[in-house]
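Shown next, in structure tokens, is the structure this report addresses.
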Amino acid sequence: MCPELAVRISLEERRKHFLDSMKQYKGRVVICAGTGCVANGSLDVYARFQEVIQEKGLKVAVTLKKEKADFIISESGCQGFCQMGPLVTIYPQGILYTKVKAEDVEEIVEKTLLSGELIERLLYHSPDDHKASADTKHIPFYEKQQRTVLKLCGNIDAQDIDEYIANEGYMMAQKAFHTLSPEEVCELILRSGLRGRGGAGFPTGRKWEATRLQQNDVKYIICNGDEGDPGAFMDRCVMEGNPHSVLEGMIIAARAVGATEGFVYVRTEYPLAVERLKVAIDDARKAGVLGKNIFGSGQSFDIHVMEGAGAFVCGEETALIASMEGKRGMPTPKPPFPAEAGLFGKPTVINNVETLASIPIIMQMGPEEYAAYGTSTSKGTKTFALTGHVANTGLIEVPFGATLREIVQGIGGGVTNDDGSLCGADFKAVQIGGPSGGCLTREHLDMPLDYEHLANVGAMVGSGGLVVMNNQTCMVSIARFFMQFTQNESCGKCVPCREGTKQMLALLDDILEGRATGETLDLLEELAQAVKIGSLCGLGKTAPNPVLSTLRYFREEYNAHVFDKRCPVGRCTALLDFAIEAAKCKSCSLCAKKCPVEAISGEKGQPYRIDTEKCIRCGVCADSCKFGAISRG
Amino acid sequence: MLKVQRATIDNNEVLIEGERNLLELIRKANIDLPTFCYHSEISVYGACRMCMVEVEGRGIVPACSTPAVNGMVVHTNTRQIRNMRKLIVELMLANHDQNCTTCPKSGECRLQKIACQLGVDKVRFKQAEKLAPKDLSSDAIVRDPNKCVQCGDCVRVCQEIQSVGVLDFAHRGAHAKVIPSFDKGLGEVECVNCGQCVKVCPVGALTPKHQINEVWEAIHDKNKVVAVQIAPAVRVALGEYFGYKSGTTITGQTVTALRMMGFNHIYDTCFAADFTVIEEGNEFLSRFEKNERLPQFTSCCPAWVKFAEQYYPDMLTNLSSCKSPQQMFGALCKDMLAKELRIPRENLVVVSIMPCTAKKFEANREEFRVNGNKDVDYVLTSQELALMIKESGIKFDRLEPGSFDLPFGFKTGAGVIFGSSGGVSEAVLRYAADTAGKGSITEFSHLRSDGDIIIETVTIGDIKLRLAIVSGLGKARQLIDKIRRGEEHFDLVEVMACSGGCVNGGGQPVAESKTTVQTRAKSLYDNDKMLQFHNSKDNPYLQKIYNEDLSRPKAHQLLHTHYSNRKRISGEDFILSSKSGQKKLTLTVCFGTSCFLRGAPELYSQLTEYVKRSGLEEETEFKVSFCREKCEKGPVLLINDEVIERCTIDKAIKGIEEALQNMPRQAAEEASAAKESTKA
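If you read the sequences in order, they're chains A and B. My numbering puts the first residue of the first sequence at 1, with every later residue one more than the last. My numbering puts the first residue of the second sequence at 634, with every later residue one more than the last.
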């Protein structure tokens, strides 16, 4: 039999066999094994399910389709709703239980699994009207999303290639090899309007086409999985939850440009992603979709995992390539672009995880249908890691063009106070795009989110971090937080980034600690512009964004710090001035006892006093005073 | 026909004629765009961001990494660019130790120059306060981290041109810095002291280690006689410090200045170079005749010698055993002049003036001392001599030329051309051709190199010699690797560490372009032409010394040396403890990186404890090897010859016990074998 046919038959057989064997099970329990749920004990829940089902004298399978059993339980990748984890879904009904503990398992098995009853208390209850939802369809968090890249993530067993194949997996890679020419693949992707999901938004099809046109026997595909933004975990979830979709995207890319080898560059802090990718690659090789002469095309393509040491700058493509070559992870000037001279000087396509995972989906949907999602310039969907002061934190996916209001209010369930309670309309800002992005405010709540709109208001899609902030947040401190991050993560190569971010940080410290003048603000702004224009790579060019955008939208907060030496939300301790109101002080001496630096003194019957020289502005006195006699100034 | 390509730069049309990038085009258009990290001979780095320009339609781009394209319209001085350039200099200054007046680079510093040129009158940023200690560990080079602007020039020149790579970036963000590996001193790592980093450093972060004060002290000391030698390459470059055009020969003025400063005897290194020619020529002829230890490598360049000691220790026998001219001079001078003046050797101070930082290291080598007293006491670079002349207030350009003292001041042209790449070979060939009776050939001008590798077959009579002339250690490495792979065969190889030879040495004035170096070399050959003799053997004083003062053994003692293996990780094992008992057991632990990380040190300490506990101490020899190339299977332990992979202490103990059990049998067999052989 010709090898082409052999692979085709084997894929189809595997798909059929999987679906057939799944029919034997009475039910399936899917337990979310994403990071959030694991941290909340989902693995204990998993173990407990096995025990309980067996105690009931029933057989339980853990490996799909291979064992005869009554029930099957499996782990899934992140299902997104991390706030409510551990999540357990019971099939065939699709019942979603939230915040499941090991103690709940027995009841779930008895009632739901064996008798089909719902357990009311484990269902999701809306915080507004306390109405329960039995499945994801009616939970606003899921209802308002458009999960495409993440669709399979929370459902399938990431370690089972057959389940991926049963969900049309590798069919598109096969199609790319059997019915499309390399030009046609590039053209199809170009037509879909797909743009790089790593942040810069360069059209993927153009990148591929440029690499395809290079004359070279050796070309490489690199999957950039060096996700480094604080609070962002989209790529991680895709690699952990659906590694085969990334591999399939790479195989299609290899077809498009004629590549011989691929690498997934994953930060070593993602051990689970590394492990799952390795298993997936191994299975893909055994299935014949990776290796020599794939799909009978005569083209060989294999993929390796490369672990990065976790430098933020290695997410920048030239630095990533340097790091892969065994050099210090520092960016190099472009041109030459990786498409011309990338890894080891060979033409290289380097795409982000989410971009590559979108490829098979685009081919399944067809480029036109995919392009129907999104806005005129930004097509398709985008994942975001929703965190901060928001009721439903987690991993979400929406079409481009969704508004901030839809995300924060609809999916996120509204802004919360510092203690997690809902606080209604107290939205202040979101930081979008991580340390390279900018902040959006109330005025942007109804702006469609896409590459262009965000760039126009001084933010960026970035890799998709979305941090919601309530009105108790000091925006100057936020800008400093991100500045500190980029300063630490700067590789130190070019002067504007190395020295500029250091000085910006020093200027922000001056502002936060009451040493600033009007000149400080002017200098900060001038410097931020220079760093933005002058830096060598994306890290430096975007590092000033948090400062520039907070300056743009929260100038009055800066002014208050600089000119009034006052933090409007009272968060900047250096600007606080603790004082005891004589009229309210009962001279109980509690504050003096609590003060860690003995800055408070007084005598019985006399109001106590604070020595401002000694005071370290920790606020313990004010918190401990029972009479509200201590003001923060 | 190729279309003519043009770009508009600051309203002027400029032809694009194959310039490698926009920066070179802009400089061709007579605009001196400032840069810190751009050097035409090393890779484009794009880090200083000083060469940012505005290209219409593309915005602000760095000129160094932007190709020049037909029709480009470029502005180099918009308001935004001017402000940004100034701001970048301010940022650099804020992180720079601004004690400029006491900096050895003051006046020559590019940061100083550019700050002044751009009119930076104030640094608005917070000044870095904490000063890091200077690295004084090297004999040749001082590294002052507080001056470093992290342009990376030294890193790239050491890696790309010299293939040594002792410097690199470490740490991130504001903590990023350029350091030798593990933040060791330059004197403790594989630095060959060539000083090419000093040459490219735009600021005072890397400077030659000055010995100016020591030399002044010697001059002022009434009990000391100070003799000084001047290397050939100095005389064609020193003038650049005093406003002369590059390549101007100022030998006579230098002699006068030295005399005014108080040096007692003023001599010429070229005189010693004539000795080098004779010794090296004879050595070569003898090896060539016997066809042994070929190719013969020259040995006058101390940076090359250390390079060979570190990376090619197995080829050290191929190096000529001749000392360099500097050290031949020191040995001869200390021996003969001290006797003539009837003073103890200690009271004769020999100073040399060199274009080179590595000569400082060479002078300190143990081989070049007699009872602890150095043959050459102090080495001054051209740069230091210029500083001393300036300090003395001497108006150098007004000086009448003086003459060298005799006999060590008399030279032939062959000694003078030592300062250029190809010069040593040419000088040796002139002598060899003559000695081999093939007539006197005075010029081998096709051997003169300005930095490229020259490979030539030279015919002298019926002898054909295959020569290679290489300068720059990276190129030398490529050539030697070819020789080792058997792809090339040579009889004589001349290696100079600096591209173009000593005229481009690390102690010379900073050469703005390659032309400067070429002009200096050309002047040396012009000097040769003007001299009376061109073959070293015609030097009458040299003949006299050979005839009257130097017996063969003495000549060998004074003029030849030996080399040592400096390879850090060698194929040989290191013996850690070797005990007196009848050795039964040899335990070799691999300490290569992978085994080290996989627990070799722990294994070693557990083993030593076990050996102590079991009373095997006297019977065990511990060795450490470097890389058994079983990195995946580390840690690796050898028990006698038995390899144990993925070794744990339990596995090791089991192996040792087995080995000990087998021992008596083996020993018995050996003993009986020995008996039988004695019987026979």
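C-beta atoms are modelled at their ideal positions from N, C-alpha and C, and glycine is treated no differently. Every value quoted in this text rests on a predicted model; they were computed, and no experiment measured them.
The Cβ atoms of residue 1006/B and residue 978/B lie closer than 8 Å to each other.
Contact residues of the region 524 to 550 of chain A toward chain B are 526, 527, 530, 533, 534, 535 and 536 (C-beta to C-beta distance below 8 Å).
Listed along chain B, no residue sits closer than 8 Å to residue 369/A by beta-carbon distance, the nearest being about 36 Å off. The contact set of residue 802/B on chain A, defined by CB atoms closer than 9 Å, consists of 328, 330, 491, 492 and 493 in chain order. Counting only runs of 4+ residues, the alpha helix (DSSP H) found wholly inside the region 1216 to 1295 of chain B occupies 1226 to 1230 and 1233 to 1246, in chain order.
Shown here, residue 448/A sits in a strand according to DSSP, grouped into three states. Sequence-distant partners of residue 694/B (beyond 5 residues in either direction) whose C-beta falls short of 6 Å from its own C-beta, in its chain, are 688. A distance of 8 Å or more separates the beta carbons of residue 60/A and residue 223/A. Residue 1014/B sits in a strand when the DSSP states are folded into three classes. For the C-beta of residue 500/A, the chain B residues within less than 7 Å are, from N- to C-terminus, 724. Among the bridge pairs identified by DSSP, residue 708/B is matched with 687/B. Secondary structure of residue 606/A (DSSP, three-state): coil. Within 10 angstroms of the beta-carbon of residue 1017/B lie 16 or more other beta-carbons, which makes it buried. Non-local C-beta neighbours of residue 568/A in its own chain, meaning closer than 7 Å and more than five positions away in sequence, comprise 557 and 560, ordered along the chain.
Contact annotation: in the region 718 to 746 of chain B, residues whose CB is within less than 8 Å of a CB in chain A are 720, 721, 724, 725, 727 and 728. DSSP, read as helix, strand or coil, puts residue 212/A in helix. At a cut-off of 8 Å between beta-carbon atoms, residue 677/B makes contact with chain A.
Less than 8 Å separates the beta-carbon of residue 389/A from that of residue 470/A. Here the alpha carbons of residue 727/B and residue 759/B stand approximately 6 Å from one another.
Taking the Cβ atoms as the reference, residue 826/B lies roughly 4 Å from residue 991/B, within the contact range of under 8 Å. Per the C-alpha coordinates, the member of 579/A, 596/A, 583/A and 592/A positioned closest to residue 632/A is 579/A. Here residue 155/A carries a coil assignment [DSSP, helix/strand/coil]. Counting every other CB atom within 10 Å of its CB across the protein chains shown gives residue 1186/B a total below 16, marking it as exposed.
Linking residue 912/B to residue 1160/B through their CA atoms gives a straight-line distance of about 23 Å.
Residues are counted here when their Cβ sits less than 8 Å from a Cβ of chain A; for the region 752 to 765 of chain B these are 757, 758 and 759, given in chain order. Measuring C-alpha to C-alpha distances from residue 1010/B to each of 1239/B, 1151/B and 858/B identifies 858/B as the nearest. Under the Cβ criterion of 8 Å, residue 488/A is counted among the residues facing chain B.
Distance between residue 406/A and residue 450/A, taken at the CA atoms: about 14 Å. Using a CB distance cut-off of 8 Å, residue 299/A does not count as an interface residue toward chain B. Distance from the CA of residue 296/A to the CA of residue 350/A, rounded to the nearest whole angstrom, comes to 25 Å. Shown here for residue 937/B: same chain residues with a beta carbon closer than 6 Å to its own, the five before and five after excluded, namely 1128 and 1130 in chain order. Between the alpha carbons of residue 1068/B and residue 1087/B lies a distance of about 24 Å.
Where residue 615/A is concerned, there is no enclosing beta strand (DSSP E), because DSSP gives it neither an H nor an E. Residue pairing for residue 387/A: DSSP places it in a beta bridge opposite 467/A. Of the candidates 164/A, 335/A, 603/A and 268/A, the residue whose Cα lies closest to the Cα of residue 151/A is 164/A. 8 Å or more divides the Cβ of residue 78/A from the Cβ of residue 186/A.
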